[in-house]
Amino acid sequence: MNGDPLRLTVRPLFSKEAGELVLAIPEDGIALSILSQPVEALGLDDAHSYRCVRVEAPAAWRWSTVDAAFLAGIVQRLDRDGRRMPLHGLPADLTKLLDLARRLPQAGPSESAARYGLTTRLGMLALACAAQMKAFVDLLGEVVFFVPRFIGRRAKIRRAELIEVLAESSSRALIIVAIVNVLMGAILAFVGAVQLKTFGAGIYVANLVGIASVRELTPIITAIVLAGRTGASFAARIATMQGNEEIDALTTLGLSPVESLVLPRVLALSALMPLVYVYGCAFALLGGLVVAIPILDMTATAYLVQTQQAIATANFVLGTLKAFVFGGLVALVGCHYGLRAPRSAAGVGSATTAAVVVSIIGIIALDAVFAVCANALAI
């Protein structure tokens with residue numbers, strides 16, 4: 000009896016039957032002396048020799064977190080060849096928990112210590128950008144998939160959170176939107192008045208402020224303001240939930256994080272952004288009016304009439320469409336980087352910064368696409 004006592008205890012637990020690794024739990028459970036040992040000491044064969052893992056537990060057996068940790072160590076060892084070892088005989092909740100543990104990134108050697116050439120670094124950057132784009136498109140597809148559920152009132156969304164998102168996307172941003180648009184309209188009016196007054200065409204300052212604000216500047220500036228305020232808030236909040244493992248908790252409970260967190264934010268910001276755009280247009284025109292009247296010595300009635308004649312309905316339609324698309328983009332980008340944030344305090348900051356930067360770049364890029372399309376349609 001000079002054999003290893005651990006092996007003597009473990010041997011009855013494991014057996015190989017028809018290519019399956021069978022774990023038979025005795026009536027008194029798994030011995031604590033086994034759980035205290037590394038999984039490598041259990042004497043398991045190479046993963047290639049097993050087709051799946053089958054667990055045989057007593058009918059009255061109640062699973063605990065200790066058992067889950069023991070099984071997680073086994074599947075982690077058997078998954079080393081890159082494939083997922085199927086598990087049979089486990090409760091559905093425990094299977095979900097183990098699948099979630101398998102998706103966690105494993106610690107590996109730091110790639111930052113390696114030195115790569117310029118071509119290699121550019122290739123790695125391109126692959127990372129492609130992966131980010133694919134993840135973003137996947138998120139967009141999931142949101143579109145859940146929209147009919149929301150319309151049919153079947154989406155799993157808490158009403159209190161939806162109201163909070165609506166307030167954060169609209170009323171709490173009105174002051175800063177008004178200030179920025181008033182200043183933008185005033186600057187346009189001042190620059191236009193200085194130049195046009197020399198040609199005796201000061202009245203056309205109303206055209207400049209009206210068309211530029213309604214068609215281009217107000218939707219862009221309003222979207223950028225909400226990207227820095229609301230989009231960053233979305234990214235920070237979801238990234239914090241990711242670090243606190245609240246996202247994992249939702250997944251374990253069978254709730255989709257996209258349906259519960261992303262969908263209400265995208266719908267709220269997309270729906271309210273056109274209203275905020277109209278609100279911003281009013282303050283932009285007011286800023287131009289306040290500056291143009293004293294500089295050009297004209298009446299408010301003349302300025303407003305000229306503005307009404309200059310702004311066509313197509314300009315408002317185009318601006319409203321831009322605001323709707325920009326709102327959805329800001330919300331999607333913020334949620335995307337929040338869901339993919341590292342699980343640390345630094346990860347919250349990096350996700351927030353990335354969300355704001357990418358949102359601003361995306362807004363400018365989409366505005367260029369709108370300009371090309373409007374020119375092609377002669378709008």
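With numbering that gives the first Met the number 0, letter number 29 in the sequence shown gets 28, and the count goes up by one each step, no holes.
Even glycine gets a Cβ: it sits at the ideal position worked out from N, Cα and C.
Candidates the options: closest to residue i by CA position
{"i": "cysteine 128", "options": "Ala364, Val357 and Ile378", "result": "Val357"}
{"i": "phenylalanine 149", "options": "Gln75, Leu121 and Leu262", "result": "Leu262"}
{"i": "glycine 88", "options": "Arg53, Leu139 and Ala291", "result": "Arg53"}
{"i": "valine 223", "options": "Ala172, Ile73 and Pro293", "result": "As written in the sequence, residue 223 is isoleucine, which differs from the valine given in the question. Among Ala172, Ile73 and Pro293, the Cα nearest to that of isoleucine 223 is on Ala172."}
{"i": "glycine 242", "options": "Ala350, Ala226 and Ala211", "result": "Ala350"}
{"i": "isoleucine 73", "options": "Cys51, Pro57 and Arg61", "result": "Cys51"}
{"i": "proline 57", "options": "Met84, Pro90, Lys133 and Phe69", "result": "Pro90"}
{"i": "glycine 227", "options": "Val176, Gly209, Leu124 and Thr197", "result": "Val176"}
{"i": "leucine 187", "options": "Val208, Thr197 and Asn180", "result": "Val208"}
{"i": "alanine 185", "options": "Arg153, Val289, Leu96 and Ser168", "result": "Val289"}
{"i": "glutamine 308", "options": "Ala340, Glu245 and Ala205", "result": "Ala205"}
{"i": "glycine 346", "options": "Val21, Ala377 and Met240", "result": "Met240"}
{"i": "leucine 254", "options": "Lys95, Ala23 and Ala68", "result": "Lys95"}
{"i": "glutamate 160", "options": "Leu260, Ile246, Ala377 and Leu365", "result": "Leu260"}
{"i": "tyrosine 336", "options": "Thr197, Glu16 and Val136", "result": "Val136"}
{"i": "isoleucine 362", "options": "Ala340, Thr221, Ala134 and Pro341", "result": "Thr221"}
{"i": "glutamine 75", "options": "Trp60, Asp98, Glu55 and Asp92", "result": "Asp98"}
{"i": "isoleucine 219", "options": "Ala67, Ser14, Asp366 and Ser63", "result": "Asp366"}
{"i": "threonine 229", "options": "Ile310, Leu124 and Leu268", "result": "Leu268"}
{"i": "threonine 217", "options": "Met123, Met84 and Leu284", "result": "Leu284"}
Buried versus exposed call for residue i [16 or more other C-beta atoms within 10 Å across all chains shown]
{"i": "methionine 183", "result": "buried"}
{"i": "valine 143", "result": "exposed"}
{"i": "arginine 236", "result": "buried"}
{"i": "valine 304", "result": "exposed"}
{"i": "glutamate 258", "result": "buried"}
{"i": "glycine 286", "result": "buried"}
{"i": "alanine 353", "result": "buried"}
{"i": "valine 179", "result": "buried"}
{"i": "valine 146", "result": "exposed"}
{"i": "valine 181", "result": "buried"}
{"i": "tyrosine 115", "result": "exposed"}
{"i": "asparagine 314", "result": "buried"}
{"i": "glycine 151", "result": "exposed"}
{"i": "serine 232", "result": "buried"}
{"i": "glycine 327", "result": "buried"}
{"i": "serine 35", "result": "Legend: pLDDT at serine 35 = 49, less than 50; position of this residue unreliable, no value from coordinates given."}
{"i": "alanine 125", "result": "exposed"}
{"i": "proline 85", "result": "exposed"}
{"i": "arginine 120", "result": "exposed"}
{"i": "serine 168", "result": "buried"}
{"i": "isoleucine 174", "result": "exposed"}
{"i": "aspartate 66", "result": "buried"}
DSSP-derived helix/strand/coil call for residue i
{"i": "arginine 120", "result": "helix"}
{"i": "arginine 53", "result": "strand"}
{"i": "alanine 23", "result": "strand"}
{"i": "lysine 155", "result": "coil"}
{"i": "leucine 138", "result": "helix"}
{"i": "serine 343", "result": "coil"}
{"i": "serine 169", "result": "coil"}
{"i": "serine 358", "result": "helix"}
{"i": "leucine 126", "result": "helix"}
{"i": "serine 349", "result": "helix"}
{"i": "leucine 86", "result": "strand"}
{"i": "aspartate 366", "result": "helix"}
Heavy atom of the ligand HEM within 7 angstroms of residue i beta-carbon
{"i": "threonine 251", "result": "The ligand HEM is absent from the structure shown, which contains no ligands of any kind."}
(Q) Check whether the segment 265-274 and the segment 363-370 are in contact - that is, three or more C-beta pairs closer than 8 angstroms. (A) no
Q. Pairing CB atoms from the segment 272-291 with CB atoms from the segment 308-327, are three or more of them under 8 angstroms?
A. yes
Q | Secondary structure, beta strand (DSSP E): runs of 3+ residues fully inside the segment 229-285 | A | none
Q) Taking contact to mean at least 3 C-beta pairs separated by less than 8 angstroms, is the segment 277-297 in contact with the segment 149-168? A) no
Q. For the 8 angstroms Cβ check, are there 3 or more pairs between the segment 183-199 and the segment 327-340?
A. no
Q) Taking the runs of the alpha helix (DSSP H) that are 4 residues or longer, which of them lie wholly in the segment 173-227? A) 173-195, 204-211 and 217-225
Q. Should the segment 284-302 be called in touch with the segment 200-211, which here means at least 3 C-beta pairs below 8 angstroms?
A. yes
Q) If we count Cβ pairs, one from each stretch, closer than 8 angstroms, do we get three or more for the segment 203-217 versus the segment 247-257? A) no
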